[in-house]
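Protein sequences appear in the order of chains A and B.
Sequential numbering from 5 applies to the first sequence in this note's numbering.
Sequential numbering from 164 applies to the second sequence in this note's numbering.
Notes follow the structure.
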Amino acid sequence: MTARVAPCCGDFQAEGETHTLEPITRPSGTGRRTAAAALLVGLVALLLAPLTVLAPPAQAATLCIAQPGSTGCINGTVGNRTNPVEGADVTLLDENQVEIETQTTEADGKFAFQLDQAGTYYILVDPDSLPDGLEIRPPAKAFQGPDGSIKVDVKLGQSQAPALNVRDVDYDAGGAGFGEQLIQSIAQGLRLGLLLALASIGLSLIYGTTGLSNFAHAEQVTLGGMVGYGLCNVLGMNLWLGIVLTTLICGATGFFQDAVLWRPLRRRGLGLTQMMIVTIGLSLAAQYAFQFFVGASQKKVVVQNFDVVTIGPISLTGMSYVAMAISLVVIGVVGFVLLRTRVGQATRAVSDNPALAAASGIDVDRIVRGVWTIAAALAGLGGILYALVVSNGIRWDTGMQILLLLFAAVTLGGLGTAFGAFVGAIIIGLVVELAGPLGAPGDLKYAVALAILILLLLVRPQGLLGRAVRVG
Amino acid sequence: MDQIFFILQSVVGEAIAPATAGVAIAVIGLNIHFGYTGLLNIGQAGFMLLGAYGMAISITKGLPMVIAVLIGLLLALIFATILGAPTLKLRGDYLAIVTISAAEIIRYVGRLASLEGFTGGAQGIPGSQYSGPFRNLSFFGSGSWTLSPFNYETLGGSTAVRLLGLLVTIALITVTVLFVRRTKLAGVATRSPMADGLVITGLVVLSLLAVLFTFPQTLTRTGVDGWWVRGVAWTVVLICSLLVLLLVRSPWGRLLRGVREDEEAMRSLGKNVFAVKMQALIIGGMFGALGGMVYVLASTVQADALARQITFFAYTALLLGGAATIFGPVLGTVIFFGARILVREASRIYVPDSIIADNKTDVFSLMVVGVALMLLVVYRPQGILGDKRELRFHV
Numbered sequence: 005m006t007a008r009v010a011p012c013c014g015d016f017q018a019e020g021e022t023h024t025l026e027p028i029t030r031p032s033g034t035g036r037r038t039a040a041a042a043l044l045v046g047l048v049a050l051l052l053a054p055l056t057v058l059a060p061p062a063q064a065a066t067l068c069i070a071q072p073g074s075t076g077c078i079n080g081t082v083g084n085r086t087n088p089v090e091g092a093d094v095t096l097l098d099e100n101q102v103e104i105e106t107q108t109t110e111a112d113g114k115f116a117f118q119l120d121q122a123g124t125y126y127i128l129v130d131p132d133s134l135p136d137g138l139e140i141r142p143p144a145k146a147f148q149g150p151d152g153s154i155k156v157d158v159k160l161g162q163s164q165a166p167a168l169n170v171r172d173v174d175y176d177a178g179g180a181g182f183g184e185q186l187i188q189s190i191a192q193g194l195r196l197g198l199l200l201a202l203a204s205i206g207l208s209l210i211y212g213t214t215g216l217s218n219f220a221h222a223e224q225v226t227l228g229g230m231v232g233y234g235l236c237n238v239l240g241m242n243l244w245l246g247i248v249l250t251t252l253i254c255g256a257t258g259f260f261q262d263a264v265l266w267r268p269l270r271r272r273g274l275g276l277t278q279m280m281i282v283t284i285g286l287s288l289a290a291q292y293a294f295q296f297f298v299g300a301s302q303k304k305v306v307v308q309n310f311d312v313v314t315i316g317p318i319s320l321t322g323m324s325y326v327a328m329a330i331s332l333v334v335i336g337v338v339g340f341v342l343l344r345t346r347v348g349q350a351t352r353a354v355s356d357n358p359a360l361a362a363a364s365g366i367d368v369d370r371i372v373r374g375v376w377t378i379a380a381a382l383a384g385l386g387g388i389l390y391a392l393v394v395s396n397g398i399r400w401d402t403g404m405q406i407l408l409l410l411f412a413a414v415t416l417g418g419l420g421t422a423f424g425a426f427v428g429a430i431i432i433g434l435v436v437e438l439a440g441p442l443g444a445p446g447d448l449k450y451a452v453a454l455a456i457l458i459l460l461l462l463v464r465p466q467g468l469l470g471r472a473v474r475v476g
Numbered sequence: 164m165d166q167i168f169f170i171l172q173s174v175v176g177e178a179i180a181p182a183t184a185g186v187a188i189a190v191i192g193l194n195i196h197f198g199y200t201g202l203l204n205i206g207q208a209g210f211m212l213l214g215a216y217g218m219a220i221s222i223t224k225g226l227p228m229v230i231a232v233l234i235g236l237l238l239a240l241i242f243a244t245i246l247g248a249p250t251l252k253l254r255g256d257y258l259a260i261v262t263i264s265a266a267e268i269i270r271y272v273g274r275l276a277s278l279e280g281f282t283g284g285a286q287g288i289p290g291s292q293y294s295g296p297f298r299n300l301s302f303f304g305s306g307s308w309t310l311s312p313f314n315y316e317t318l319g320g321s322t323a324v325r326l327l328g329l330l331v332t333i334a335l336i337t338v339t340v341l342f343v344r345r346t347k348l349a350g351v352a353t354r355s356p357m358a359d360g361l362v363i364t365g366l367v368v369l370s371l372l373a374v375l376f377t378f379p380q381t382l383t384r385t386g387v388d389g390w391w392v393r394g395v396a397w398t399v400v401l402i403c404s405l406l407v408l409l410l411v412r413s414p415w416g417r418l419l420r421g422v423r424e425d426e427e428a429m430r431s432l433g434k435n436v437f438a439v440k441m442q443a444l445i446i447g448g449m450f451g452a453l454g455g456m457v458y459v460l461a462s463t464v465q466a467d468a469l470a471r472q473i474t475f476f477a478y479t480a481l482l483l484g485g486a487a488t489i490f491g492p493v494l495g496t497v498i499f500f501g502a503r504i505l506v507r508e509a510s511r512i513y514v515p516d517s518i519i520a521d522n523k524t525d526v527f528s529l530m531v532v533g534v535a536l537m538l539l540v541v542y543r544p545q546g547i548l549g550d551k552r553e554l555r556f557h558v
């Protein structure tokens, strides 16, 4: 049984039958005992101190197991289980700050104190014994003892695990550590944003030309990763060839989807609301089809890991830079086509007013077919790159997890505007990655992006680049 | 034959489960949103989760049951107001995107490790911590009981009797559905609604008895997952249905349909469309919260159990039963959950393992749900009980 020190949550955490301390301050009546009792405890501690010093040091780090009614334990790790700190001097103090015992951690960073008196004790780590530039993360107020020590309430028969996480000294001083962390997060945010942009531009184009919010678009992203997994991992194809082929295959699925499903539905005159529910059905069916045919576990597109390349304060895998470059180039090409070619002009015309576009001789159905193809291809490319550099593999619900980010990006930029989707995706990517260093708990980083979306709708419902249209 | 009866037995068990009742109530709320007002709320699971958390946390903190339920409803009211304020003046898509996002936010927050003291984190709140006060209200006594006491086994338990019961059940249900559709489509002018109501009630009760005669269910009277939970859950479903019946027949109900059919027309008549939509969103959301509370009564409050899928199930159930009808939501939900089990068990027993492995039958049934939803919307948007003319709206 080892005491686990979680890097994020709470200051005291324990496993098994050990007892987790309540993060509340004890009533002062309990803390302030009679002087006599305190003196007694002090005396006992003083008497015990020499005995424990005599104990062989090798025994110091062996785990203490609490016996009900006779002994209580304090077990812990300096640092955390994956990054323990060696050679830290951990001192146990009694209620009156009198030293009882000191242990020096070994390579596993562990220390263990056995006590046969219940009561309040303090744990102090000698700052000089820590490696340069590290300090103990201060505990929550309720557990703060004098001089940077940590308060532990020991009960007989229970084992306590105080958290002694370390962090950079200048962690929150706005110094290099925090700054570097910010820059690293910005780089990751740009990476996520560019990949989201690949998928959300297609989503936005579909919305612009057909008015449809496609809830199954995220499954196109998953499909990209899945096809990549099939080609590169299962069939052993060259990665670059695999990426190109994946994009083509996904584009073909978009083409056939429109031919088999969406165009007939448009012909039938099915309402947009009903179409949206069809996309929800498609999304459900596709998700579970992935799970059915590929399985529920994470699949890696390529077996080997990519080397990390460090540029200044930024360290990302080499593939990340390539993926970002690919996204930028592809997005640039799409932008050029939209702005400078006849097809692009026709697409924008259909986006603006399909009826007018049809009247001026544009084949709306062909444009929409093209948009579906391009959208699916971009989503597929985004999917395989996302699986390669962000999520380290693809799972049946990978797309579902980013669907809301896609919608947030598209809405943020303005529904139906391709460039708005790009700007929105970059912002959403940055928000998601920066949420952590700026203080949001890890699980909430997606929620922050969604909260920003809701707030934006309050002040600027048409999105950043959208045009205000009066509705009602 | 025994296998078929075994499958149908578990189908009936699932159809009357408290979770089914909970979703049915949420679907009734969704019907107010989508069916009557045309609001595309894709976050009904969020309302359910809020209601469930509101009730469960209040009870674990020592509040009485009634207050806990009210707190759950109040949370849904606040949530609906927050979601509606920015979006109800915009086009329908915005409400869709915001509701689905907000429901996800609630789920993420519920899973937060730092809120473990309240929500139990990713593990959730086990039912034992909050269902005690509810079970203490029970007057069902203890021990187990079979519904119905008069079943095929009292008549000897032979397969022939059971088969006859099955045929009678199918006939009764068909007659009921046909009758409801006829009265609905014929309109109020031709018949007396009172007599219709009586006939429908009689037919429904007869069908239920036939079902329980053929597939009797044996459960504890007051246990964690017994008759008391089911009795209360389905009573709440009935009350909610009657409430909706009264609501949509009122002038306010006509306002809802007016907003659905033509907002501009309503506006030109001097109606406050925004206010009407907001009221609909709030009331439907509170039904959702109530559904969430019923949903968790026999299980745990766990954030991931009330994720997006439940909303999608709710839409499928609503469209299956018939949007903008009174009993469509309940019928749709019962059939939906029953059918899912039917597909799952049938594919487990009759499809060889080489095609669908046993551990994949659940996934397969969910795949079928997705395809069914698509086909329903395209080929039969009015569902079983609905009227096609009522569903031409564009959000």
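Glycine included, C-beta positions come from ideal geometry on N, C-alpha and C.
With a CB to CB cut of under 7 Å and the five nearest residues on each side skipped, what residues in its chain are close to residue i?
i: B:G549; result: G485, A486, A487, T488, G491
i: B:G287; result: T463, V464, Q465, A466
Output needed for residue i: all residues of its chain with C-beta closer than 8 Å, excluding positions within five of it in sequence on either side, in chain order.
i: A:V347; result: V341, I371, G374
i: A:L194; result: M328, I430, G433, L434
Hey, quick one: how far does the beta strand (DSSP E) through residue i stretch, first residue to last?
i: B:S321; result: Looking at the DSSP string, B:S321 is not in any beta strand (DSSP E), and its letter there is neither H nor E.
i: A:F115; result: 114-119
i: B:N314; result: Unbroken run through B:N314: none, as it is neither H nor E.
i: A:L360; result: Element bounds for A:L360: not the beta strand (DSSP E) but the alpha helix (DSSP H), 358-363.
i: A:L76; result: According to the sequence provided, residue 76 of chain A is Gly. The question's Leu does not apply to it. Here the beta strand (DSSP E) through A:G76 covers 76-81.
i: A:T485; result: As shown, chain A starts at 5 and ends at 476. That puts residue 485 of chain A outside it, with no answer to give.
Keeping to the same chain, check which residues put their C-beta closer than 6 Å to that of residue i; ignore five residues upstream and five downstream.
i: A:Y390; result: L199
i: B:P227; result: none
i: A:S189; result: E437, L438, P441
i: A:K303; result: Y233, G397, I398
i: B:N204; result: H196, T262
Within this structure, are the beta carbons of residue i and residue j separated by less than 7 Å?
i: A:A201; j: A:A381; result: no
i: A:A290; j: A:E223; result: yes
i: A:F127; j: A:P88; result: The sequence given here has Ile at residue 127 of chain A, not Phe. Against a cut-off of 7 Å, the Cβ pair of A:P88 and A:I127 comes out as no contact.
i: A:G467; j: A:G424; result: yes
i: A:W400; j: A:G258; result: no
i: B:A184; j: B:A396; result: yes
i: B:I504; j: B:V174; result: yes
i: B:G214; j: B:G447; result: no
i: A:A92; j: A:S133; result: yes
i: B:G533; j: A:L288; result: yes
i: A:S163; j: A:C236; result: no
Along the chain, where does the alpha helix (DSSP H) that runs through residue i open and close?
i: A:A254; result: Note that residue 254 of chain A corresponds to Cys in the displayed sequence, not to Ala. Counting along the chain, the alpha helix (DSSP H) containing A:C254 begins and ends at 243-261.
i: B:E553; result: From DSSP, B:E553 is part of no alpha helix (DSSP H); its letter is neither H nor E.
i: A:T345; result: Note, A:T345: premise wrong, no alpha helix (DSSP H); not H, not E.
i: A:S287; result: 276-298
i: A:T402; result: 402-417
i: B:Y458; result: 436-459
i: A:K155; result: Per DSSP, A:K155 belongs to no alpha helix (DSSP H); it is in the beta strand (DSSP E), 154-158.
i: A:I388; result: 368-393
For residue i, count neighbouring C-beta atoms within 10 Å of its own C-beta (all shown protein chains included) and say buried if the count is 16 or more, exposed if not.
i: B:P544; result: buried
i: B:T337; result: exposed
i: A:V3; result: Not covered by the structure: residue 3 of chain A. The range shown for chain A is 5 to 476.
i: B:E427; result: exposed
i: B:E267; result: buried
i: A:W244; result: exposed
i: A:Q308; result: exposed
Between the segment 212-236 of chain B and chain A, which residues of the former have a C-beta closer than 9 Å to a C-beta of the latter?
none
Along the segment 529-552 of chain B, what residues have a CB closer than 7 Å to any CB found in chain A?
L529, M530, V532, G533, V534, L536, M537, V540, V541, P544
Using Cβ-Cβ distances below 9 Å, what residues of the segment 433-453 of chain B are close to chain A?
V436, F437
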